[in-house]
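Visitor:
Numbering (the numbering used here), first residue to last: 51 to 126.
Below is the structure:
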């Protein structure tokens with residue numbers, strides 16, 4: 051899953067925190083690269099059989115006082 055909306059000093063542990071109760075988190079990756087809008091983003095990997103339920107539950111989670119936005123990660 052593609053996650054955005056967090057501050058520049060947020061780490062992987064802080065992103066994992068609001069989601070670990072929704073589904074088993076395999077990995078959280080925060081690339082050093084920024085988006086074209088100079089925003090940070092991350093990828094969250096969950097167990098494959100939990101992915102569909104995770105997206106439905108993950109919409110309104112907060113991290114560092116901000117609401118995170120979660121989208122399916124679609125390869126280009």
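Note that beta-carbon positions come from the ideal geometry of N, C-alpha and C, so glycine has one too. In this text, all values refer to a predicted model and were calculated from it rather than measured experimentally.
Would you check if the distance between the CB atom of residue 121 and the CB atom of residue 73 is smaller than 9 Å?
Guide: Position 71 of the chain shown, counting from 1, holds the residue named residue 121. Position 23 of the chain shown, counting from 1, holds the residue named residue 73. No. Outside cutoff.
Visitor: Shortest alpha-carbon distance to residue 82 belongs to which of 62, 118, 116?
Guide: Within the chain shown, residue 82 is the residue found at index 32, counting from 1. Of the listed residues, the one whose Cα sits closest to residue 82 is 62.
Visitor: In chain order, what residues of the same chain lie with their CB nearer than 8 Å to the CB of residue 64, ignoring the 5 residues before and after it?
Guide: Against the chain shown, residue 64 aligns to sequence position 14. Taken in chain order, the residues that qualify are 56, 113, 114.
Visitor: Expressed to the nearest angstrom, what Euclidean distance is found between the alpha-carbon atoms of residue 76 and residue 68?
Guide: Numbered from 1 along the chain shown, position 26 holds the residue referred to as residue 76. Numbered from 1 along the chain shown, position 18 holds the residue referred to as residue 68. When rounded, the distance between both Cα atoms is 14 Å.
Visitor: Near residue 117, which residues of its chain fall below 7 Å by C-beta distance, leaving aside the five closest residues on each side in sequence?
Guide: Along the chain shown, read from residue 1 onward, the residue named residue 117 stands at position 67. These residues qualify, in order along the chain: 55, 110.
Visitor: Write down every uninterrupted run of the beta strand (DSSP E) in the region 63–107 whose length is 3 residues or greater and which is fully enclosed by it, in chain order.
Guide: The region 63–107 contains these whole beta strand (DSSP E) runs: 75–79, 91–96.
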